[in-house]
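Per the numbering used here, the sequence shown runs over residues 156 to 654.
Where is the CB? At the ideal position from N, CA and C, for every residue including glycine.
If you're wondering where the values come from, they're calculated on a predicted model, not measured in any experiment.
Inspection log for the structure reproduced underneath, given as structure tokens.
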Amino acid sequence: MPTLAVARLWFEGNRFSPLPTGRAQFAAREWQCGAAALDAARGTATELAGVGEVLAAHPHWHAEVLRCASANPGGPIEHALFESFCAEVLTGLAALQPDAVYLSLHGAAITSRTDTPDLDLVTQVRTLLPGVPLAASFDFHANLPVRMVEQLDYATGYRTYPHIDMRETAVRAVARLLAMAEGAPRPRGRLLQLGLRLPSFNMRTNAAPMLPLLAAARALEKADPKAQLDVSLFGGFPYADTSDTGASVMAWANEQEVADAACTALSQQWRACAGAFTPVLVTPEQGLQRAAALLTAQAADALRPVALTDPADNPLSGGAADTPALLRALLEARRNAASPLAALRPGDIVFAYFTDPDAVGLARSAGLGATLSLRIGARLDQRFGAPVALDARVLLLTDGNFHNTGPMERGSRVTLGDTALLDVDGIHLVITSQTDAANDPGFFALHGIDPERVRLLCVKAKNHFHAAFAPLCAAIIDVDCPGPAAADVASLPGYRGLR
Numbered sequence: 156m157p158t159l160a161v162a163r164l165w166f167e168g169n170r171f172s173p174l175p176t177g178r179a180q181f182a183a184r185e186w187q188c189g190a191a192a193l194d195a196a197r198g199t200a201t202e203l204a205g206v207g208e209v210l211a212a213h214p215h216w217h218a219e220v221l222r223c224a225s226a227n228p229g230g231p232i233e234h235a236l237f238e239s240f241c242a243e244v245l246t247g248l249a250a251l252q253p254d255a256v257y258l259s260l261h262g263a264a265i266t267s268r269t270d271t272p273d274l275d276l277v278t279q280v281r282t283l284l285p286g287v288p289l290a291a292s293f294d295f296h297a298n299l300p301v302r303m304v305e306q307l308d309y310a311t312g313y314r315t316y317p318h319i320d321m322r323e324t325a326v327r328a329v330a331r332l333l334a335m336a337e338g339a340p341r342p343r344g345r346l347l348q349l350g351l352r353l354p355s356f357n358m359r360t361n362a363a364p365m366l367p368l369l370a371a372a373r374a375l376e377k378a379d380p381k382a383q384l385d386v387s388l389f390g391g392f393p394y395a396d397t398s399d400t401g402a403s404v405m406a407w408a409n410e411q412e413v414a415d416a417a418c419t420a421l422s423q424q425w426r427a428c429a430g431a432f433t434p435v436l437v438t439p440e441q442g443l444q445r446a447a448a449l450l451t452a453q454a455a456d457a458l459r460p461v462a463l464t465d466p467a468d469n470p471l472s473g474g475a476a477d478t479p480a481l482l483r484a485l486l487e488a489r490r491n492a493a494s495p496l497a498a499l500r501p502g503d504i505v506f507a508y509f510t511d512p513d514a515v516g517l518a519r520s521a522g523l524g525a526t527l528s529l530r531i532g533a534r535l536d537q538r539f540g541a542p543v544a545l546d547a548r549v550l551l552l553t554d555g556n557f558h559n560t561g562p563m564e565r566g567s568r569v570t571l572g573d574t575a576l577l578d579v580d581g582i583h584l585v586i587t588s589q590t591d592a593a594n595d596p597g598f599f600a601l602h603g604i605d606p607e608r609v610r611l612l613c614v615k616a617k618n619h620f621h622a623a624f625a626p627l628c629a630a631i632i633d634v635d636c637p638g639p640a641a642a643d644v645a646s647l648p649g650y651r652g653l654r
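What follows is the structure, given as structure tokens:
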């Protein structure tokens, strides 16, 4: 029975994040191996579920799952941890001598010592197993070195943002990998870097400017089915701030000329519309005024929530759920008798969220109904604003565990550590012990919140929030706050802008 070896390193590095990334951060999200990893993924919208799907269609293949590690975006990975991860994977591969290797990668990882850990891992695997078919999948925001295609036999990337096709991407990668291992020709690859560091605010794949680019890629693939062309567009992750950071186009086909031509055509089309990716954001105060106007204009029988997102502190961009600007502006508006927000009922406004394990501990010690005096925000980093002093009443305490129910990573387990729901001047404020995304309805259900009944929802989030909440909200307004994932990455302290 032929053996497929599987390993995974899924991490997006933000050089400006105050969050360290070590063993604990990986353990909080994913640090597993063996058959249990595939069992845990069954039924979820994840890459490992995709591996299981392909194996079910190829029962003559056997999978060995080596170390699978993922962590939420944050500061660079501790390099010793990365070296330990690589050593474990390489030792496992040397012992297995597999017939094919699949690597589930993000493509925008950085460590405390290297800007190219994804490439370093792939290169080490190729050196160890020079003739074994090797394929990888990548996140839509990968920062890919040109050398990556020289080491791989095939690769493909997510085609949706928000990323709701992780499983399908893995299916594509593994199905073609097994075909190669069974004798199919290995495709030829090409990667072109555009030399553009683009903000991702306008990169959602259901609208321009990204939608027509993806449509063009799919049209090229369909134009000549015999070429077996596969095209991936990568928006890049600017907060990694490496020499390979930026948008790129990757193509694989039976003939090198076909892959080259696809990359050239799509790169030209992308460069022509590059300016459309620059967002126009409003200040927190302007965003709150716009939200208040929208809420006031709604008919009583057609109420829908309005959401304000704070992208600069988005945990899926390396934010730490710690910056105070939006909360400070919200409290000022709430306490202003002339603002329509002052008239909303308690619980009509929800703020999600801040990570503050000490504040959660105080809430648990005080108990339900207790009133606390707290300083919220700027716990890790005061470069983006000072803490907000407030009085809060404890409404709810939870263990922080839930499963995603929305379209992104549906079925995956999320752990926030102990959490608390507080009442601050009628605003329901969530605080957590660990940092994760508030992009799923399960996050709010855990805290007894029905988003459809909320009037104003303030969230530390960006584009992924749209996957579950765009159908529920009358509007989603991005506001421009200070933070480690600010819209203008060049304004962040220490920005290098390497090329």
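Residue i and residue j closer than 8 Å at C-beta
| i | j | result |
| --- | --- | --- |
| threonine 560 | glutamine 589 | no |
| valine 543 | proline 479 | yes |
| isoleucine 586 | alanine 600 | no |
| tyrosine 309 | tryptophan 165 | no |
| histidine 602 | proline 317 | no |
| alanine 507 | alanine 593 | yes |
| leucine 260 | serine 225 | no |
| glycine 230 | leucine 174 | yes |
| serine 472 | lysine 617 | yes |
| valine 206 | arginine 222 | no |
| alanine 336 | proline 214 | no |
| asparagine 361 | alanine 431 | no |
| isoleucine 232 | threonine 176 | yes |
Simplified DSSP assignment, three categories, for residue i
| i | result |
| --- | --- |
| glutamine 252 | coil |
| methionine 321 | helix |
| tryptophan 425 | helix |
| methionine 303 | helix |
| glutamine 383 | coil |
| cysteine 241 | helix |
| arginine 222 | strand |
| cysteine 418 | helix |
| threonine 282 | helix |
| glutamine 578 | Note on residue identity: the sequence assigns aspartate, not glutamine, to residue 578. In this structure, aspartate 578 counts as strand in the three-state DSSP scheme. |
| serine 472 | helix |
| leucine 481 | helix |
| glycine 312 | strand |
| threonine 553 | strand |
| arginine 568 | strand |
| histidine 558 | strand |
| tyrosine 508 | strand |
| phenylalanine 293 | strand |
| threonine 464 | strand |
| glutamate 337 | coil |
| leucine 612 | strand |
| alanine 363 | coil |
| alanine 515 | The sequence given here places valine at residue 515; alanine does not occur at that position. Valine 515 falls in the helix class under three-state DSSP. |
Beta bridge counterpart(s) of residue i as assigned by DSSP
| i | result |
| --- | --- |
| arginine 530 | Ala544 |
| alanine 406 | Arg345 and Val386 |
| glutamate 185 | Ser225 |
| phenylalanine 159 | The identity of residue 159 in the sequence shown is leucine, whereas the question assumes phenylalanine. Answer is Ala218 and Ala255. |
| phenylalanine 620 | In DSSP, phenylalanine 620 forms no bridge with anything. |
| alanine 492 | Paired residues: none, contrary to the question. |
| lysine 332 | It should be pointed out that residue 332 corresponds to leucine in this sequence rather than to lysine. BP columns for leucine 332 are empty, so no partner. |
| aspartate 633 | Thr464 |
| alanine 263 | Glu167 |
| valine 437 | Val634 |
For residue j and residue i, believed in contact at Cβ under 8 Å, the rounded distance
| i | j | result |
| --- | --- | --- |
| alanine 514 | leucine 529 | 5 Å |
| valine 304 | leucine 347 | With 8 Å as the limit, valine 304 and leucine 347 do not qualify as a contact, their Cβ atoms being about 10 Å apart. |
| proline 288 | alanine 235 | Between alanine 235 and proline 288 the Cβ distance is about 31 Å, and since that is not below 8 Å, they are no contact. |
| valine 505 | leucine 545 | Actually they do not touch by this definition, with Cβ atoms about 15 Å apart. |
| alanine 402 | leucine 369 | Going by Cβ atoms, the distance from alanine 402 to leucine 369 rounds to 13 Å, so no, they are not a contact pair. |
| phenylalanine 557 | glycine 597 | 4 Å |
| cysteine 428 | proline 364 | 5 Å |
| glutamate 202 | methionine 321 | 5 Å |
| arginine 170 | aspartate 396 | 5 Å |
| aspartate 511 | arginine 610 | Rounded, the Cβ-Cβ distance is 25 Å, inconsistent with contact. |
| asparagine 298 | aspartate 399 | 5 Å |
| valine 220 | alanine 190 | 7 Å |
| cysteine 636 | aspartate 415 | Actually they do not touch by this definition, with Cβ atoms about 43 Å apart. |
Cβ-heavy atom distance, residue i to the ligand FMN, below 7 Å
| i | result |
| --- | --- |
| cysteine 418 | Here there are no bound small molecules, and the ligand FMN is not part of this structure. |
**Message:** Can you confirm whether the stretch 479-489 touches the stretch 640-650 when touching is taken to mean that 3 or more C-beta pairs between the two stretches lie within less than 8 Å?
**Reply:** With the cut-off at 8 Å, the stretch 640-650 and the stretch 479-489 do not touch.
**Request:** Pair every Cβ in the stretch 322-330 with every Cβ in the stretch 430-443, then say whether three or more of these pairs are closer than 8 Å.
**Result:** no
**Prompt:** Taking one C-beta from the stretch 459-473 and one from the stretch 612-632 each time, how about it: are there three or more such pairs within less than 8 Å?
**Reply:** yes
**Asked** With contact counted as at least three CB pairs below 8 Å, one residue from each stretch, are the stretch 244-259 and the stretch 277-292 in contact?
**Response** yes
**Request:** Would you be able to state if there are at least three C-beta pairs under 8 Å between the stretch 370-390 and the stretch 277-284?
**Result:** When C-beta atoms of the stretch 277-284 are compared with those of the stretch 370-390, fewer than three pairs fall below 8 Å, so the two segments do not count as touching.
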